[in-house]
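J.: I have a structure here, written as structure tokens, and I will follow up with some questions on it.
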Amino acid sequence: MAKSNVTQFAEELKLPVTLLIEQLQAAGVKKKAGDDAITEQDKTRLLDYLREMHGNKEEKKKITLTRKQTTEIKKSDATGKARTIQVEVRKKRTFVKVDKPEVAPEPAKPVPPPAPIINEVEARKRETEARRQAELASRQAAEAETKAKRVIKKKADEAAEAAPVVPTPAPEAEPSKKKRVIRKKGEDMATEAEAPVLVEVKVEAPKVDAPVGAAPAAAAPEGTLHRPVLKPGEKADKKGPKRAARPASAWVDDQARRRGIKTRGDTSGGRDGWRSRAGGRHRDEEGGTSFSAPSEPKVLEVPIPETISVGDLAHKMSVKAAEVIKVMMKMGTMVTINQVIDQDTAMIVVSEMGHTPKLAKLDDPESFLVESAANDGASHETRPPVVTVMGHVDHGKTSLLDAIRKARVAVGEAGGITQHIGAYHVETPRGVITFLDTPGHEAFTAMRARGSQVTDIVVLVVAADDGVMPQTIEAIHHAKAAKVPVVVAVNKIDKPEANPQRIKQELLAHEVVAEEFGGEVQFVEVSAKTGQGIDRLLESLQLQSEVLELKAPVNAPARGVVIESRLDKGRGPVATVLVMSGTLRKGDVVLAGAVFGRVRAMNDENGKAISEAGPAIPVEIQGLQDVARAGDDIMTLSDERKAREIALFRQGKYRDVKLAKLQAAKLENVFDQLAEGAKPLALIIKADVQGSYEGLAHALTKLSTEEVKVNIVHSAVGGITESDINLALASKAVVIGFNTRADAAARKLAEHSGVDIRYYTIIYDAVDDVKAAIGGMLSPERKETILGVVEVRNVFKISKVGTVAGCMVTDGLVRRASSVRLVRGGVVVHVGELDSLKRFKEDVREVKSGFECGLSLKNYNDVQVGDQLEVFEVVEVARTLA
Ligand code: GDP
Numbered sequence: 058m059a060k061s062n063v064t065q066f067a068e069e070l071k072l073p074v075t076l077l078i079e080q081l082q083a084a085g086v087k088k089k090a091g092d093d094a095i096t097e098q099d100k101t102r103l104l105d106y107l108r109e110m111h112g113n114k115e116e117k118k119k120i121t122l123t124r125k126q127t128t129e130i131k132k133s134d135a136t137g138k139a140r141t142i143q144v145e146v147r148k149k150r151t152f153v154k155v156d157k158p159e160v161a162p163e164p165a166k167p168v169p170p171p172a173p174i175i176n177e178v179e180a181r182k183r184e185t186e187a188r189r190q191a192e193l194a195s196r197q198a199a200e201a202e203t204k205a206k207r208v209i210k211k212k213a214d215e216a217a218e219a220a221p222v223v224p225t226p227a228p229e230a231e232p233s234k235k236k237r238v239i240r241k242k243g244e245d246m247a248t249e250a251e252a253p254v255l256v257e258v259k260v261e262a263p264k265v266d267a268p269v270g271a272a273p274a275a276a277a278p279e280g281t282l283h284r285p286v287l288k289p290g291e292k293a294d295k296k297g298p299k300r301a302a303r304p305a306s307a308w309v310d311d312q313a314r315r316r317g318i319k320t321r322g323d324t325s326g327g328r329d330g331w332r333s334r335a336g337g338r339h340r341d342e343e344g345g346t347s348f349s350a351p352s353e354p355k356v357l358e359v360p361i362p363e364t365i366s367v368g369d370l371a372h373k374m375s376v377k378a379a380e381v382i383k384v385m386m387k388m389g390t391m392v393t394i395n396q397v398i399d400q401d402t403a404m405i406v407v408s409e410m411g412h413t414p415k416l417a418k419l420d421d422p423e424s425f426l427v428e429s430a431a432n433d434g435a436s437h438e439t440r441p442p443v444v445t446v447m448g449h450v451d452h453g454k455t456s457l458l459d460a461i462r463k464a465r466v467a468v469g470e471a472g473g474i475t476q477h478i479g480a481y482h483v484e485t486p487r488g489v490i491t492f493l494d495t496p497g498h499e500a501f502t503a504m505r506a507r508g509s510q511v512t513d514i515v516v517l518v519v520a521a522d523d524g525v526m527p528q529t530i531e532a533i534h535h536a537k538a539a540k541v542p543v544v545v546a547v548n549k550i551d552k553p554e555a556n557p558q559r560i561k562q563e564l565l566a567h568e569v570v571a572e573e574f575g576g577e578v579q580f581v582e583v584s585a586k587t588g589q590g591i592d593r594l595l596e597s598l599q600l601q602s603e604v605l606e607l608k609a610p611v612n613a614p615a616r617g618v619v620i621e622s623r624l625d626k627g628r629g630p631v632a633t634v635l636v637m638s639g640t641l642r643k644g645d646v647v648l649a650g651a652v653f654g655r656v657r658a659m660n661d662e663n664g665k666a667i668s669e670a671g672p673a674i675p676v677e678i679q680g681l682q683d684v685a686r687a688g689d690d691i692m693t694l695s696d697e698r699k700a701r702e703i704a705l706f707r708q709g710k711y712r713d714v715k716l717a718k719l720q721a722a723k724l725e726n727v728f729d730q731l732a733e734g735a736k737p738l739a740l741i742i743k744a745d746v747q748g749s750y751e752g753l754a755h756a757l758t759k760l761s762t763e764e765v766k767v768n769i770v771h772s773a774v775g776g777i778t779e780s781d782i783n784l785a786l787a788s789k790a791v792v793i794g795f796n797t798r799a800d801a802a803a804r805k806l807a808e809h810s811g812v813d814i815r816y817y818t819i820i821y822d823a824v825d826d827v828k829a830a831i832g833g834m835l836s837p838e839r840k841e842t843i844l845g846v847v848e849v850r851n852v853f854k855i856s857k858v859g860t861v862a863g864c865m866v867t868d869g870l871v872r873r874a875s876s877v878r879l880v881r882g883g884v885v886v887h888v889g890e891l892d893s894l895k896r897f898k899e900d901v902r903e904v905k906s907g908f909e910c911g912l913s914l915k916n917y918n919d920v921q922v923g924d925q926l927e928v929f930e931v932v933e934v935a936r937t938l939a
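Counted from 1, the sequence shown has number 267 at position 210 by the working numbering; the numbering is strictly sequential.
See below:
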């Protein structure tokens with residue numbers, strides 16, 4: 058190219074001459090005017106200069122562009138939310154930085170820009186991978202947890218700890234955020250994420266590579282920024298996780314972090330989690346994450362006995378007693394650690410604490426019986442029979458028992474029989490026989506009523522000169538109800554008027570059939586007076602015993618029955634115990650009903666100290682803490698504490714529980730009993746005359762259907778006695794009083810034991826009721842409440858008015874509107890209503906016990922001195938069979 062001047066060159070370049078001169082000067086070419094010649098060399102210098110300048114400027118522009126782009130994206134990104142502005146601010150900052158990039162290090166940095174981007178992608182990949190692994194780990198942990206609930210804590214911890222090894226704790230925190238961030242941001246994520254990285258990280262760029270978490274940590278805040286206010290910088294960083302923390306994941310976050318820091322944090326976290334959940338119990342929450350594993354409350358099946366102390370209950374749930382106390386406090390009950398709470402409360406507490414309560418009968422003596430029965434399954438050996446003597450009064454029961462003792466026990470005993478402890482045993486050539494030394498039906502039925510069948514054989518004493526009498530028949534009924542075989546002792550055979558044959562025939566009518574009549578009952582003629590036939594009687598008893606094949610374990614914990622019990626001035630509580638199975642030893646811990654103790658001393662019926670007693674051997678023991686009840690079960694326990702616990706427990710609640718269980722038959726319960734697969738409808742009939750009970754028994758027996766068999770356990774003439782109630786209790790029978798009433802003792806016992814007594818005056822009423830019960834169609838129950846008893850002391854016959862009785866209220870009270878039952882000699886002679894009730898000629902509404910009163914009966918004038926008036930009210934109660 059030819060030489061040219063500056064102006065020409067300026068024209069070529071389309072630049073003002075002055076600018077060109079400036080540039081040329083800057084490039085070091087000294088030109089001052091447009092006419093100055095410009096050489097090729099000058100041009101090259103200028104070009105070089107410009108290139109150099111240009112290169113720098115281009116770089117600056119690039120940076121600026123990047124910034125601008127970011128801003129634009131931000132804007133479009135923020136269509137929905139105006140807060141993007143703040144992101145722009147950040148870009149501006151970038152701008153400021155970019156403004157000084159001539160500094161040396163800057164050009165070095167441009168290298169990283171692509172790097173962070175790549176790193177970002179990689180980081181994200183790794184995050185995703187980490188997330189997957191974390192999720193996998195959590196799933197595995199969750200599975201492990203459900204599979205092995207007991208071991209969960211460890212397993213899940215291990216699993217969870219093992220999993221995050223690769224991604225480090227932080228990514229753990231990511232999944233929840235990331236999911237949202239990534240999906241929401243989608244494409245912008247790349248730019249957006251890189252923007253701050255570019256800008257701020259430019260300085261920190263090296264970090265990006267190292268912890269993957271760093272990038273997400275920066276990105277995450279932005280993700281969340283879309284929602285709430287984003288404050289720049291560290292604030293966003295802090296808030297980020299918090300925001301993300303709103304649902305379950307937050308919790309996971311914390312945990313993950315804690316895990317990263319300290320291992321024990323898990324458990325504490327777990328417990329927190331549990332606690333926070335304890336209220337609402339959102340168990341589902343934890344299903345998804347591995348970190349909730351330790352917090353899964355272990356649902357235990359907690360057996361709850363009828364009573365339990367707070368401490369024990371806590372122990373069973375593997376929590377501190379304080380926890381239980383707290384829960385109970387919330388329930389409004391203040392308890393102490395040693396306080397014993399009842400089953401119902403304990404069940405509520407257990408379910409409140411997230412466990413499953415299970416009814417247990419640990420304190421139920423039956424469970425012990427079962428336990429020991431299982432224990433002593435081994436060696437059952439033949440045991441002596443236990444015999445009870447029954448019969449009509451004055452037929453010689455006591456005499457016979459004495460005669461047997463004399464005949465056998467006295468042998469070799471200096472001083473002979475010295476003691477009466479309620480039972481004794483005799484040795485016969487064929488073995489030992491044990492007699493219960495309390496003749497009569499009461500002892501027999503009382504024990505049966507309490508559930509202990511002690512007697513193996515009944516000796517029915519019938520005086521040969523007297524024959525079968527009412528109590529003879531009653532005894533037969535008792536024996537039959539208890540399914541105990543009878544051996545008849547025809548006593549007083551020494552008497553000239555004795556007629557044993559007549560006895561056999563009379564008993565035939567009561568289904569006690571002698572062998573010679575083709576039956577199985579042994580009849581032995583004896584004389585308690587002369588001792589005649591005693592040996593034969595013992596032989597018969599042995600024979601009967603052999604037939605029964607009585608067996609009991611010997612080497613086992615003792616079980617037995619308290620026959621008698623009393624408080625001895627010198628020795629404290631003493632009890633006669635009949636060991637039924639096992640062996641009772643001195644020093645044994647025993648539990649007798651609601652009384653416990655340790656056998657301090659043991660005597661036989663002769664007052665001789667012994668150290669052990671086997672089956673069917675009666676002994677008198679000392680060492681019980683209190684007087685036991687006759688008829689109570691007694692058993693040895695290995696643990697004195699347990700014995701005390703149960704005894705205390707029984708003293709409280711158990712009696713009621715037992716009583717409830719003993720709830721005798723009620724007419725209205727017949728159907729319930731049927732549902733339980735129960736027995737026939739058992740009835741005891743007491744009537745004023747023989748014709749009544751025979752007629753009633755006949756009519757009622759005829760009501761038997763295929764499902765319900767009416768079984769008359771006992772029927773007799775006379776008032777209802779304690780013995781009848783005991784029999785009813787033992788045989789779950791309903792007592793029917795036909796024109797008779799229960800005496801005070803019987804009434805009390807019936808009330809106490811829940812025996813149903815029904816009074817009737819018309820056979821058809823009784824028949825209708827029983828029929829209805831069988832058919833399940835009972836009409837509303839007429840519930841009778843006895844208000845009181847009034848005794849007639851004087852009788853005044855007043856013309857026009859009728860008979861007025863001067864009375865004394867001996868029990869309860871009498872009301873004017875009440876009904877009365879007039880009882881004379883145990884038999885109801887009239888049922889009606891009061892006509893008038895006065896005190897000192899004044900009409901009154903009621904008179905209480907201990908006061909006198911005058912009264913007259915409606916339409917009845919035959920009131921006699923000595924009559925008793927049972928005052929009662931009848932309320933109709935709708936029947937509820939369910
Ligand atoms: P329990 O009421 O059944 O206990 O009868 P007891 O044993 O009290 O006897 C009543 C009465 O009958 C007493 O006076 C006895 O002496 C008398 N007794 C008892 N057994 C015999 C006997 O075998 N022969 C005679 N002759 N009298 C007897």
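No residue lacks a Cβ here, since even glycine has one placed at the ideal position from N, Cα and C.
The structure presented is a predicted model; accordingly, all values stated were derived computationally and were not measured.
Go ahead and pull the three-state DSSP assignment for Met-386.
T.: Within the sequence shown, the letter at position 329 stands for residue 386. Of the three classes helix, strand and coil, the one that applies to Met-386 here is helix, per DSSP.
J.: For Ser-602, collect the residues of the same chain with a Cβ closer than 6 Å to its Cβ; drop the 5 residues on either side in sequence, then sort them by chain order.
T.: Position 545 of the sequence shown, counting from 1, holds the residue named residue 602. Pro-442.
J.: Start and end of the alpha helix (DSSP H) containing Asn-663?
T.: Taking the sequence shown and counting its residues from 1, the one referred to as residue 663 is at position 606. Unbroken run through Asn-663: none, as it is neither H nor E.
J.: Would you say the beta carbon of Ser-876 comes nearer than 7 Å to a heavy atom of the ligand GDP?
T.: One-based indexing of the sequence shown puts residue 876 at position 819. False, no ligand heavy atom lies under 7 Å from that Cβ.
J.: Between Gly-479 and the ligand GDP, is the CB less than 7 Å from at least one heavy atom?
T.: By one-based count along the sequence shown, residue 479 stands at place 422. Not so, every heavy atom of the ligand GDP lies at least 7 Å from the Cβ.
J.: Hey, could you find the ends of the alpha helix (DSSP H) Arg-559 is sitting in?
T.: Position 502 of the sequence shown, counting from 1, holds the residue named residue 559. 557-565 is the span of the alpha helix (DSSP H), which, as asked, contains Arg-559.
J.: Identify the continuous beta strand (DSSP E) that holds Arg-815 and give its terminal residues.
T.: Locating residue 815 in the sequence shown gives position 758, counting from the first residue. Arg-815 -> beta strand (DSSP E) spans 814-817.
J.: Could you tell me how far apart the beta carbons of Gly-590 and Glu-582 are, in whole angstroms, since I believe they sit closer than 8 Å?
T.: As a working mapping, residue 590 is identified with position 533 in the sequence shown. As a working mapping, residue 582 is identified with position 525 in the sequence shown. With a Cβ gap of about 5 Å, Gly-590 and Glu-582 count as contacting.
J.: In this structure, does DSSP put Gly-639 in helix, strand or coil?
T.: Counting from 1 along the sequence shown, the entry for residue 639 is found at position 582. Here Gly-639 sits in coil by DSSP.
J.: Do you know whose CA, among Asp-826, Asp-92 and Ala-785, lies nearest Met-504's CA?
T.: If you number the sequence shown from 1, residue 504 lands on position 447. Answer by Cα proximity: Ala-785.
J.: Would you say the beta carbon of Lys-454 is closer than 7 Å to some non-hydrogen atom of the ligand SAH?
T.: For the ligand SAH, the structure offers nothing, since it holds only the ligand GDP.
J.: Looking only at C-alpha atoms, which of Glu-79, Gln-925 and Asp-892 sits nearest to Arg-878?
T.: Here the question's residue 878 lines up with position 821 in the sequence shown. Residue Gln-925 is the option with its Cα nearest to Arg-878.
J.: With distances taken from CA atoms, which of Ser-875, Val-920, Gly-923 and Asp-919 is nearest Val-901?
T.: Translated into the one-based positions of the sequence shown, residue 901 becomes position 844. The residue with the shortest Cα to Cα distance from Val-901 is Ser-875.
J.: What residue range does the alpha helix (DSSP H) around Asp-781 cover?
T.: Against the sequence shown, residue 781 aligns to sequence position 724. It spans 779-787 - the alpha helix (DSSP H) in which Asp-781 sits, taken as one unbroken run.
J.: Closer than 8 Å by C-beta to Phe-929: which residues in its own chain qualify, once you throw out the five before and the five after it? Chain order, please.
T.: Position 872 of the sequence shown, counting from 1, holds the residue named residue 929. Closer than 8 Å at Cβ, skipping near neighbours: Glu-841, Thr-842, Ile-843, Leu-844, Ser-875, Ser-876, Val-877 and Arg-878.
J.: Grab the span of the beta strand (DSSP E) containing Thr-75 for me, first residue to last.
T.: Residue mapping note: residue 75 aligns to position 18 of the sequence shown, counting from 1. Taken as a continuous stretch (DSSP letters only), Thr-75 belongs to no beta strand (DSSP E), being part of the alpha helix (DSSP H) at 74-83.
J.: When DSSP builds the beta bridges, which residues end up paired with Lys-905?
T.: For the purposes of this step, residue 905 is taken as residue 848 along the sequence shown, with counting starting at 1. For Lys-905, which the question treats as bridged, DSSP gives the partners Leu-870.
J.: In three-state DSSP terms, what is Gly-748?
T.: Reading the sequence shown from its first residue, position 691 is the one you call residue 748. Gly-748: helix per DSSP, three-state reduction.
J.: Run through DSSP, which three-state label would Ile-703 get?
T.: Position 646 of the sequence shown, counted from the start, is the residue given in the question as residue 703. Helix, per DSSP.
J.: Sorted by chain position, which residues of the same chain lie with C-beta nearer than 8 Å to Val-74's C-beta, five sequence neighbours on each side aside?
T.: The residue given as residue 74 occupies position 17 in the sequence shown. Same-chain partners within the cutoff: Val-63, Thr-64, Ala-67 and Gly-91.
J.: From Asp-826 to Ala-756, what distance separates their C-alpha atoms?
T.: On the sequence shown, position 769 is the one that residue 826 refers to. On the sequence shown, position 699 is the one that residue 756 refers to. The straight-line gap from Cα to Cα measures roughly 12 Å.
J.: Between the C-alpha atoms of Ala-546 and Arg-593, what's the straight-line distance to the nearest angstrom?
T.: Residue mapping note: residue 546 aligns to position 489 of the sequence shown, counting from 1. Residue mapping note: residue 593 aligns to position 536 of the sequence shown, counting from 1. Each residue's Cα considered, the two are about 10 Å apart.
J.: Whose C-alpha, out of Ile-814, Arg-655, Ala-670 and Lys-759, is nearest the C-alpha of Asp-781?
T.: Taking the sequence shown and counting its residues from 1, one reaches residue 781 at position 724. Ranking the options by Cα distance to Asp-781, first place goes to Ile-814.
J.: Indicate the three-state DSSP secondary structure (helix, strand or coil) for Lys-608 in the structure shown.
T.: Mapped onto the sequence shown, residue 608 falls at position 551. In the structure shown, Lys-608 sits in a strand (DSSP, three-state: E or B).
J.: Taking Asp-369 as part of the alpha helix (DSSP H), name the residues at either end of that continuous run.
T.: Within the sequence shown, the letter at position 312 stands for residue 369. Element bounds for Asp-369: 367-373.
J.: Might you give, ordered along the chain, the residues of its own chain that have their beta carbon closer than 6 Å to the beta carbon of Glu-115, omitting 5 neighbours on each side?
T.: Counting from 1 along the sequence shown, the entry for residue 115 is found at position 58. Unreliable positioning characterises Glu-115 in this predicted model, as indicated by a pLDDT of 45, which lies under 50. The coordinate reading is nonetheless provided below. Here the set comprises nothing.
J.: Under 8 Å between the Cβ atoms of Pro-675 and Thr-640?
T.: Indexing the sequence shown from 1 puts residue 675 at position 618. Indexing the sequence shown from 1 puts residue 640 at position 583. Not a contact, by the Cβ cut-off of 8 Å.
J.: Under DSSP, the beta strand (DSSP E) around Leu-760 begins and ends at which residues?
T.: Locating residue 760 in the sequence shown gives position 703, counting from the first residue. Neither: Leu-760 is in no beta strand (DSSP E) and is coded neither H nor E.
J.: What did DSSP end up calling Asp-892 once you bin it into helix, strand or coil?
T.: One-based indexing of the sequence shown puts residue 892 at position 835. Residue state, collapsed to three classes: strand.
J.: Within 10 Å of its beta-carbon, does Lys-88 have 16 or more other beta-carbons around it, so buried, or fewer, so exposed?
T.: Walking along the sequence shown from the start, residue 88 turns up at place 31. Burial call: buried.
J.: Note down, in chain order, each residue of its chain lying with its Cβ closer than 6 Å to the Cβ of Asp-689, except the 5 sequence neighbours on either side.
T.: Residue numbering aside, residue 689 sits at position 632 when the sequence shown is read from its first letter. The residues are Val-619, Ala-649 and Gly-650.
J.: Thinking C-beta only, is His-534 closer than 8 Å to Ala-502?
T.: On the sequence shown, residue 502 is found 445 positions in, with the first residue counted as 1. On the sequence shown, residue 534 is found 477 positions in, with the first residue counted as 1. A quick correction: the sequence has Thr, not Ala, at residue 502. Taking 8 Å as the Cβ cut-off, Thr-502 and His-534 do not qualify as a contacting pair.
J.: Given the structure, does Asn-556 come close to the ligand GDP, in the sense that its CB is under 7 Å from one of the ligand's heavy atoms?
T.: On the sequence shown, residue 556 is found 499 positions in, with the first residue counted as 1. For the ligand GDP, not one heavy atom lies less than 7 Å from the Cβ of Asn-556.
J.: How big is the Cα-Cα spacing for His-449 and Ile-703?
T.: Counting from one through the sequence shown, the residue named residue 449 turns up at place 392. Counting from one through the sequence shown, the residue named residue 703 turns up at place 646. So the alpha carbons of these two residues sit roughly 40 Å apart.
J.: Just checking Asp-451 against the ligand GDP - is the residue's beta carbon closer than 7 Å to any of the ligand's heavy atoms?
T.: As a first step, residue 451 is located in the sequence shown; it is residue number 394 there, counting from the start. Flag set: Cβ of Asp-451 near the ligand GDP.
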